[in-house]
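J.: Heads up, the sequence shown is in the numbering used here, so the first residue is 4 and it goes up one at a time.
Positions of the beta carbon are idealized from the N, C-alpha and C atoms, including for glycine.
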Amino acid sequence: MDLLGVLVAIVGLVVIFLAMGVRVVKQGYVYTIERLGKFTLAAEPGLHLIIPFIDRVGQKVNMMEQVLDIPGQEIITKDNAMVGVDAVVFFQVLDAGKAAYEVSNLYNAIMALTTTNLRTVMGSMDLDETLSKRDEINARLLAVVDHATSPWGVKITRVEIKDIRPPIDISEAMARQMKAERLKRAEILEAEGDRASEILRAEGSKQSAILEAEGRKEAAFRDAEAREREAEAEAKATQVVNDAIAGSGGQALNYFVAQEYTKAVGKFATSPNAKTILFPVEATQLIGSLGGIGELVKDFASDGPGGGTPPAPPTRPTPSPAPRPQPRSSTPSVPRSGTPGAR
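1. Return yes when the Cβ of N120 is within less than 7 Å of the Cβ of L144, no when it is not.
2. Using the three-state DSSP reduction, which class does Q62 fall into: helix, strand or coil?
3. DSSP has Y34 in a bridge; who is on the other side?
4. Tell me whether I54 sits in a helix, a strand or coil according to DSSP, three-state version.
5. Please name the residue or residues paired with A151 in a DSSP beta bridge.
6. Nearest to Q95 by alpha carbon, out of L192, D149 and L50?
7. Just verifying my parser: in three-state terms, what is the DSSP assignment at P330?
8. With E163 as the anchor, note down where its beta strand (DSSP E) starts and where it stops.
9. Please state whether DSSP places V18 in a helix, a strand or coil.
10. Please report the straight-line C-alpha distance between M125 and D172, rounded to a whole angstrom.
11. Using a 10 Å radius around the Cβ and a threshold of 16 neighbouring Cβ atoms, would you call I78 buried or exposed?
12. Mark T133 as exposed unless 16 or more other C-beta atoms lie within 10 angstroms of its C-beta, in which case mark it buried.
13. Based on the DSSP output, what are the partners of F94 in its beta bridges?
14. Opposite M181 in the DSSP bridges: which residues?
15. Any idea if V157 is buried or exposed, counting beta-carbon neighbours within 10 angstroms, 16 or more meaning buried?
16. Can you check which of these residues, V244, D98, I53 and K266, is closest to N65 by C-alpha distance?
17. Indicate the three-state DSSP secondary structure (helix, strand or coil) for D129 in the structure shown.
18. Around the C-beta of I191, are 16 or more other C-beta atoms found within 10 angstroms, so that it is buried, or is it exposed?
19. In chain order, what residues of the same chain lie with their CB nearer than 8 Å to the CB of I57, ignoring the 5 residues before and after it?
20. Taking only the alpha-carbon atoms, compute the straight-line gap between A205 and G196 and give it to the nearest angstrom.
21. Indicate the three-state DSSP secondary structure (helix, strand or coil) for V124 in the structure shown.
22. Count the other CB atoms, across all protein chains shown, that sit within 10 Å of the CB of A222; report buried if there are 16 or more and exposed otherwise.
23. Between K81 and Y34, how many whole angstroms is the CB-CB distance? I'm expecting something under 8 Å.
24. At the level of alpha carbons, what is the spacing between P313 and D226?
25. Find out if the Cβ-Cβ distance for the pair Q89, G100 is shorter than 7 Å.
26. Less than 7 Å between the beta carbons of V28 and G49, yes or no?
27. Would the beta-carbon of P170 fall within 7 Å of that of M67?
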């Protein structure tokens, strides 16, 4: 029985010993194994066996990408403006042994390094540059901090400026400046619009004047052409009359004169305002003229144009005695101005 108890005790000690030597490393972490206080192994995720009482787990290093929040800092810029700045740093441990044993308290070291370089970078820039060149600040901080942390087995992936807070008075001045700049742009745009509209109106007036001048030119050309055609027609009519007179002697001329005379007398009769008409000649003269026109037509028709001996001009009928004055009519007479012999 004593021997069995001893064996059970020995087996139990072996099991406890083996359990103490088994280590399981979680995904995303690396354990540093120290043998007698010296770093000997970086245990990757999985099952590992160590020697109890000789080996031990030193540090559990997080190998995932991590975010470190940099607390707000009051920074004086190059132009002596006090601004508040908040930032964040993204980093990842690449070498667990260096991260565990090359630096004490990795997080505090990265924070202090980022804060000092943030002051250095932004302190060398004006306020306007710090507000408008965040990408440049981020790039400069990333290069400096990544270079400084590379011996620690750490890779700085990104450095981002979260917020920049200028003083209240500077913020108000910037707001007024922005308002003035926008008003300036609005006035410039309005002036450019007025200028463009004036130019367009001037161009329109110019085109209108050109078109109007071209219209007047075309109208004048058309009028001159019409007058030219009218003059040609008048010249042809005159030539025809001359040819007729030359072919038939004075008969054609007498015919035309008598025809025009008859038309003129007819207009007196058709006038709407004429109630009483006083002829400048006797009625027998008009009858004699009509008879002379009939003789001219007969002679012209029998001889033909240009044929035979031209007949003698018709004799003017002997004027008859002037008629006795008639009683005055109640209708007022309308004298014709310029007519000789009107009573």
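T.: The structure says:
1. yes
2. strand
3. A46 and K63
4. coil
5. Per DSSP, none; premise fails for A151.
6. If you compare the alpha carbons of L192, D149 and L50 with that of Q95, the shortest gap goes to D149.
7. At P330 the pLDDT is 42, less than 50, meaning the model places this residue with poor confidence and gives no usable figure here.
8. V157 to R168
9. helix
10. Using only the alpha carbons, I get a separation of about 20 Å.
11. buried
12. T133 comes out buried.
13. Q69 and I159
14. Beta-bridge pairing links M181 to no other residue.
15. buried
16. Distance check between N65 and each of V244, D98, I53 and K266 places D98 closest, using alpha-carbon atoms only.
17. coil
18. That one is exposed.
19. R38 and L39
20. The straight-line gap from Cα to Cα measures roughly 14 Å.
21. helix
22. exposed
23. Their Cβ separation, rounded to whole angstroms, is 47 Å, which puts K81 and Y34 out of contact at 8 Å.
24. In this prediction, P313 scores a pLDDT of 46, lower than 50, which makes its location untrustworthy; no coordinate-derived value is stated.
25. Strictly speaking, residue 89 in this sequence is Asp, with Gln absent from that position. It is not a contact, given that the beta carbons lie outside the stated cut-off.
26. Yes, these two residues count as a Cβ contact at 7 Å.
27. no
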